[in-house]
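Working notes for the structure below.
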């Protein structure tokens, strides 16, 4: 009896096997996407690299480096997805889902390196212009780059949204940006064909700028994840769901955080002060159940019930000095 009472008044979570199965399936799909997109982008980069050697195009070199960096982002993400499938331990009590955030940092560093190298080569070629050879092959390689990146972008974004992986969606948007920078190489090739050799390094610089914009967005996304930022609309939705649960008088607080590609919630609700422990427990269970079913990507919720009343009572008086504002 004592154990039931303690379970009712303490924060609790009702994890089920189907949630674990869902997490494993999501990670498996993510791994499959990464493997296929890695192969496609590596083939694309290899074709472009051969053309770079044959033509000496610095714009195409920048695009090749960008595509290579994009392909390599699959490596830390794959490691993160693999780690995320491990069960929680007594040391890592929330599991290993945060490995995705660490992978995001590695991705940002890879994008930074590709921007720096592409920019350096473009400036060097501006200072020392060289004739572009095999202009037709450069144009063809640019088209190949666009096609490869656009296919990968569509694939990553589609699956990323289905499994709730912001990192995978962001990587897909990155690939889409790479595709448009590939089209920019066509401008450099066209300029070179018309007798304007500086068009190639100028386009190389423009591609570097485009990479920097991608870098800014990626860094901001990772910063938000590291700081446990969520879309405020999700908090509003969680409060709406909780307010609709029978027995909930007021929603005190809602805290959401992403762990990997799943949301976790910690909420406090007020129930009638004369409600039995068993009834309060039932309300908490229903609140968690509704949240898991109605809030997208929520995998687990911890629900704490507080008594509402009697008037003037402070049920947390002994904790006031210990709680930060």
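Residue numbers (my numbering): 1 to 325. Don't be surprised by glycine CBs; every beta carbon is placed ideally from N, CA and C. On a predicted model such as this, the values are computed, not experimentally measured, just so you know.
Residue 305 versus residue 142 - alpha carbon distance: Taking the first residue of the chain shown as position 1, residue 305 is located at position 305. Taking the first residue of the chain shown as position 1, residue 142 is located at position 142. For residue 305 and residue 142, the gap between their C-alpha atoms comes out near 60 Å.
Three-way DSSP call (helix, strand, coil) for residue 52 in this model: Position 52 of the chain shown, counted from the first residue, corresponds to residue 52. Under the three-state reduction of DSSP output, residue 52 falls in the helix class.
Secondary structure of residue 165, DSSP reduced to three states: Stepping through the chain shown from its first residue, residue 165 is reached at position 165. Of the three classes helix, strand and coil, the one that applies to residue 165 here is coil, per DSSP.
Residues sharing a beta bridge with residue 251, DSSP: Counted from its first residue, the chain shown places residue 251 at position 251. BP columns for residue 251 point to 269.
Three-state secondary structure (DSSP) of residue 140: Position 140 of the chain shown, counted from the first residue, corresponds to residue 140. In the three-state reduction of the DSSP assignment, residue 140 falls in the helix class.
Proximity winner among 121, 36, 84 and 132, relative to residue 62 (alpha-carbon distances): Along the chain shown, one-based indexing puts residue 62 at 62. Closest by C-alpha distance to residue 62, out of 121, 36, 84 and 132, is 121.
Residue 222 vs residue 105 beta-carbon contact at 8 Å: Walking along the chain shown from the start, residue 222 turns up at place 222. Walking along the chain shown from the start, residue 105 turns up at place 105. Contact: yes.
Residue 92: first and last residue of the uninterrupted alpha helix (DSSP H) it sits in: Stepping through the chain shown from its first residue, residue 92 is reached at position 92. For residue 92, there is no enclosing alpha helix (DSSP H), as DSSP gives it neither H nor E.
Whole-number beta carbon distance between residue 64 and residue 138, since they are thought to touch under 8 Å: What you label residue 138 is simply residue 138 of the chain shown in a count that begins at 1. What you label residue 64 is simply residue 64 of the chain shown in a count that begins at 1. Wrong, their Cβ atoms sit about 11 Å apart, outside the cutoff.
Proximity winner among 171, 303, 146 and 95, relative to residue 72 (alpha-carbon distances): Working through the chain shown from its first residue, we reach residue 72 at position 72. With distances taken between Cα atoms, residue 72 lies closest to 171.
Boundaries of the alpha helix (DSSP H) in which residue 85 is found, first to last residue: In the chain shown, counting from the first residue as 1, residue 85 sits at position 85. Neither: residue 85 is in no alpha helix (DSSP H) and is coded neither H nor E.
Those residues which DSSP pairs with residue 259 across a bridge: On the chain shown, residue 259 is found 259 positions in, with the first residue counted as 1. Residue 259 pairs with 262.
Burial state of residue 288, where buried means 16 or more other Cβ atoms lie within 10 Å: Taking the chain shown and counting its residues from 1, the one referred to as residue 288 is at position 288. Counting Cβ neighbours within 10 Å, residue 288 comes out buried, since at least 16 surround it.
For residue 308, the residue or residues it bridges with in DSSP: As a first step, residue 308 must be located in the chain shown, where it is residue number 308. DSSP output for residue 308 lists 272 as bridge partner(s).
Separation of residue 230 from residue 177, as counted between CA atoms: Numbered from its first residue, the chain shown carries residue 177 at position 177. Numbered from its first residue, the chain shown carries residue 230 at position 230. Residue 177 and residue 230: Cα-Cα distance of roughly 24 Å.
Chain-order list of residues whose beta-carbon lies under 8 Å from that of residue 123 (same chain, five-residue window excluded): By one-based count along the chain shown, residue 123 stands at place 123. Around residue 123, the same chain offers 201 and 205 as residues with beta carbons nearer than 8 Å, after the five sequence neighbours per side are excluded.
Beta-bridge pairing of residue 298 - partner residues as DSSP gives them: On the chain shown, position 298 is the one that residue 298 refers to. Under DSSP, the beta-bridge partners assigned to residue 298 are 263.
Among 276, 272 and 128, the one whose alpha carbon lies nearest that of residue 311: Here residue 311 corresponds to residue number 311 of the chain shown, with the count starting at 1. Minimum Cα distance to residue 311 is reached at 272.
Reference residue 308, options 250, 256 and 48, closest by Cα: Reading the chain shown from its first residue, position 308 is the one you call residue 308. Answer by Cα proximity: 250.
Rounded Cβ spacing between residue 295 and residue 269 (contact assumed at less than 8 Å): Within the chain shown, residue 295 is the residue found at index 295, counting from 1. Within the chain shown, residue 269 is the residue found at index 269, counting from 1. With 8 Å as the limit, residue 295 and residue 269 do not qualify as a contact, their Cβ atoms being about 15 Å apart.
Where the alpha helix (DSSP H) containing residue 200 begins and where it ends: The residue labelled residue 200 in the question sits at position 200 within the chain shown. Going by DSSP, residue 200 is part of the alpha helix (DSSP H) stretching over 199-226.
Residue 226 versus residue 303: straight-line alpha-carbon distance, rounded: As a working note, residue 226 is residue 226 in the chain shown. As a working note, residue 303 is residue 303 in the chain shown. The alpha-carbon separation between residue 226 and residue 303 amounts to approximately 24 Å.
The alpha helix (DSSP H) enclosing residue 134, as first and last residue numbers: Start at 1 with the first residue of the chain shown, and residue 134 comes out as number 134. Taken as a continuous stretch (DSSP letters only), residue 134 belongs to no alpha helix (DSSP H), as it is neither H nor E.
Backbone secondary structure at residue 315 - three-state DSSP: Translated into the one-based positions of the chain shown, residue 315 becomes position 315. Residue 315: coil per DSSP, three-state reduction.
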